[in-house]
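Here's the structure we're looking at; comments come further down.
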Amino acid sequence: MKRILALAAVGLCLAVGGSAHAALKPEVRFVKGTTSTTLKSAVVRGDNDVWRVAGKAGQTIKLDIAAPENNAVFQVYAPGARMGHDEVGWSFAGKTLPGAGEGQDARHIVAKMPTNGMYLIVVGATRGNAAYTLAISIR
């Protein structure tokens, strides 16, 4: 009986111990003379990739994400957004670009950047794990 309780306790610790992970990716840089780039990565369900890209007020950002299983989506947070972590996992707070907010499951947007600064592109999976290609253009 003690052995069963001990195994149950270990199982509970393993189940509770994991939390969502946010991978902070390198800042997105464009090759000199270009205004676009394509990034390839993958996220595990419940985790996020966080890409940072600099923009200026009035510029237009275009984002397209593709995944073999059509299960990768993104949010775009304007400069000043915050990342936080608690016992539940990572969270993001701040203004988002139109059509690219929490729960909107954006796969494509074209939006004006409202202010100068560093924008956060948060990529996640809607189901399962997601390999993805993210095309970014800023003009």
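Residue numbers for the sequence shown follow this note's numbering, beginning at 129 and rising by one. Every residue, glycine too, gets a C-beta built ideally from N, C-alpha and C.
Residue pairing from DSSP places Leu248 in a beta bridge opposite Arg180, Tyr205. The beta carbon of Val171 is closer than 8 Å to those of Ala151, Asp177, Ala200, Val251, Gly252, Ala253, Asn257, Ala258, Tyr260 in its chain, skipping five residues each way along the sequence. By the Cβ criterion, the stretch 220 to 240 is not in contact with the stretch 155 to 165, since fewer than three pairs of Cβ atoms, one from each stretch, lie closer than 8 Å. The Cβ-Cβ distance between Leu248 and Arg180 falls below 9 Å. Boundaries of the beta strand (DSSP E) harbouring Val238: 236 to 240, taken from the DSSP string.
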